[in-house]
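*Asks:*
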Amino acid sequence: MSWKHSQWEETHGLRVLRLCGNPNDHHDGEHWPRIAMLDLSAEQFRQFSDDPLRFARIHNLYPEQPIRWIFGSAQLALGEGIPEAAPGARWVVMIHHARPSVAVYTACPQDFEEPSCELTTFE
């Protein structure tokens, strides 16, 4: 299976990549789940992480059926030796929207600071 490179859209001040839905420009119809990838600035990510549901609604990420509930499933782990997001790093957020209006998201920075101690490798 080869990778398919879709096109990023600029919508409501965001870069969005829609990976599921109908092949038409309106992303409507019965094709579920629907996945949106967001390319966010550090400030946009701060706004998203403060209130993901409000962010999704303000930016109208799913106009055909707005999200009613959203849950975080994974974000950057924190701990000794784990690299932290670089200051001002852009973030990729994936939102998986399923019926009935439930969504789950994951987030990861695109750039990291060097870890403060030696990393352990496992063989």
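Each number in my numbering corresponds to the 1-based position in the sequence shown with 92 added. Beta carbons: idealized from backbone N, C-alpha and C, even for Gly.
Assuming R107 is part of the beta strand (DSSP E), what are its boundary residues?
*Replies:* Sequence index remark: in the sequence shown, residue 107 carries index 15 (1-based). 106-110 is the span of the beta strand (DSSP E), which, as asked, contains R107.
*Asks:* At the level of alpha carbons, what is the spacing between P158 and V194?
*Replies:* One-based indexing of the sequence shown puts residue 158 at position 66. One-based indexing of the sequence shown puts residue 194 at position 102. Each residue's Cα considered, the two are about 9 Å apart.
*Asks:* Helix, strand or coil for D143? Go by DSSP, reduced to three states.
*Replies:* To locate residue 143, count along the sequence shown from 1; it is residue 51. It is coil, neither helix nor strand.
*Asks:* Hey, could you find the ends of the beta strand (DSSP E) L153 is sitting in?
*Replies:* Translated into positions along the sequence shown, residue 153 becomes position 61. Run containing L153: none; DSSP gives neither H nor E here.
*Asks:* Let me make sure I understand the geometry here. Which of E135, E205, V185, F140 has the alpha-carbon closest to that of R110?
*Replies:* In the sequence shown, residue 110 corresponds to position 18, counting from 1. Closest by alpha carbon: V185.
*Asks:* I'd like to check one pair, I187 with L153: are the Cβ atoms closer than 8 Å?
*Replies:* Indexing the sequence shown from 1 puts residue 153 at position 61. Indexing the sequence shown from 1 puts residue 187 at position 95. Contact flag set, yes.
*Asks:* Could you tell me the alpha carbon to alpha carbon distance between E176 and R182, rounded to whole angstroms?
*Replies:* Looking up residue 176 in the sequence shown gives position 84. Looking up residue 182 in the sequence shown gives position 90. Taking the straight line joining both Cα atoms gives about 13 Å.
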